[in-house]
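Residue numbers (full-length UniProt numbering): 1 to 132. Just so it is clear, CB atoms sit at the ideal spot from N, CA and C, and this is done for glycine as well.
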């Protein structure tokens with residue numbers, strides 16, 4: 001699964017902090033753990049990305065789309081055949097998978113296939129954590 005590093009990782013971390021700030025400013029205690037960047041908010045990074053991270057972001061987003069397109073059915077099979085193991089999957093890797101899926105969808109939404117009006121990922125497979 002493709003993962004961000006270096007300048008791009010730093011830029012995405014800063015973007016996530018910016019998106020979470022309103023939630024963090026009002027949440028208290030354990031409620032802060034429920035603050036999250038989800039769905040289309042990930043796509044907003046393309047408008048916020050610093051120039052120093054733009055090329056790496058475009059490359060990562062494309063790699064995420066290619067990876068998810070190639071692995072979506074396998075991930076779905078593992079999730080349905082081994083649900084208990086799937087739910088116990090490493091939380092950090094769960095988050096990486098969810099982020100990869102989100103950026104794959106951002107890419108697909110920006111590059112619709114000819115003759116279609118929707119993303120090839122719109123009927124998305126499972127996420128790392130059920131219900132996300």
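Around the Cβ of residue 105, are there at least 16 other Cβ atoms within 10 angstroms (buried) or fewer (exposed)?
For this step, residue 105 is matched to residue 105 along the chain shown. Per the 10 Å Cβ criterion, buried.
Please report how far the alpha carbon of residue 16 lies from the alpha carbon of residue 56, in whole angstroms.
In the chain shown, counting from the first residue as 1, residue 16 sits at position 16. In the chain shown, counting from the first residue as 1, residue 56 sits at position 56. Distance between the alpha carbons of residue 16 and residue 56 is about 17 Å.
Output the residue ranges of the alpha helix (DSSP H) runs that lie fully inside the UniProt domain "DUF7735" (1-114) and measure 4 residues or longer, sorted by chain position.
Complete alpha helix (DSSP H) runs here, min 4: 6-26, 45-48, 51-81, 83-87, 91-110.
Rounded to a whole number of angstroms, what is the C-alpha to C-alpha distance between residue 109 and residue 84?
The count along the chain shown starts at 1 and reaches residue 109 at position 109. The count along the chain shown starts at 1 and reaches residue 84 at position 84. The alpha-carbon atoms of residue 109 and residue 84 are separated by roughly 32 Å.
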